[in-house]
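Working notes, structure below.
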Amino acid sequence: MSEVRITRGAQAQFAALPTAIKARVLVVFERLAAWPDVSGAKPLRGALAGQYRIRTGDYRVQFTVSGRGQLAVVTIGRVGHRDGFYDN
755 MSEVRITRGA QAQFAALPTA IKARVLVVFE RLAAWPDVSG AKPLRGALAG
805 QYRIRTGDYR VQFTVSGRGQ LAVVTIGRVG HRDGFYDN
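Okay, so the sequence shown: first residue is 755 according to the working numbering, each after it adds one.
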């Protein structure tokens, strides 16, 4: 199992989500603990290269991975609605 860490910014974004969406995003967090055996995660390109995203409905979780295999650390950096999600 990989270690999953959540940045303070992502914690604040998560706290602001509607209750029903929080439950779905928590499932995504739990799935990320099984990295690299996670379906639906896609690498980002361009300015966001080196990061990944996974979606649940209209919401996205953006994260980075350091290390490999069981020693991987998944750091969640952003959680939010797809509208404007990739805008900096």
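Yeah, the Cβ is synthetic: ideal placement off N, Cα and C, and Gly gets one too. It should be emphasised that the depicted structure is a prediction, and the values quoted were computed from it without experimental measurement.
Which partner residues of residue i appear in the DSSP bridge assignment?
| i | result |
| --- | --- |
| Gly834 | Arg814 |
| Tyr806 | Pro797, Phe817 |
| Glu757 | Val827 |
When we look at the beta-carbon of residue i and count the other beta-carbons within 10 Å, is it buried (16 or more) or exposed?
| i | result |
| --- | --- |
| Gly800 | exposed |
| Val815 | buried |
| Val781 | exposed |
| Ser756 | buried |
| Ala788 | exposed |
How about residue i and residue j: are their beta carbons less than 8 Å apart?
| i | j | result |
| --- | --- | --- |
| Val758 | Leu786 | yes |
Using a Cβ-Cβ cut-off of 7 Å (strictly less than) and excluding sequence neighbours within five positions of residue i, which residues of its own chain qualify?
| i | result |
| --- | --- |
| Gly779 | One detail in the question is off: residue 779 reads as Val in this sequence, not Gly. Excluding positions up to five away in sequence, the list reads Phe768, Leu771, Thr810, Tyr813, Val815, Val833. |
| Phe839 | Arg814 |
| Ala764 | Ile830, Gly831, Arg832, Val833 |
Residues in the same chain with beta-carbon distance under 6 Å from residue i, minus the five sequence neighbours each way, listed in chain order, please.
| i | result |
| --- | --- |
| Gly821 | Val827 |
Under 8 Å, with one C-beta from each stretch per pair, do the region 792-809 and the region 767-774 reach the 3-pair mark? Short answer: they don't touch.
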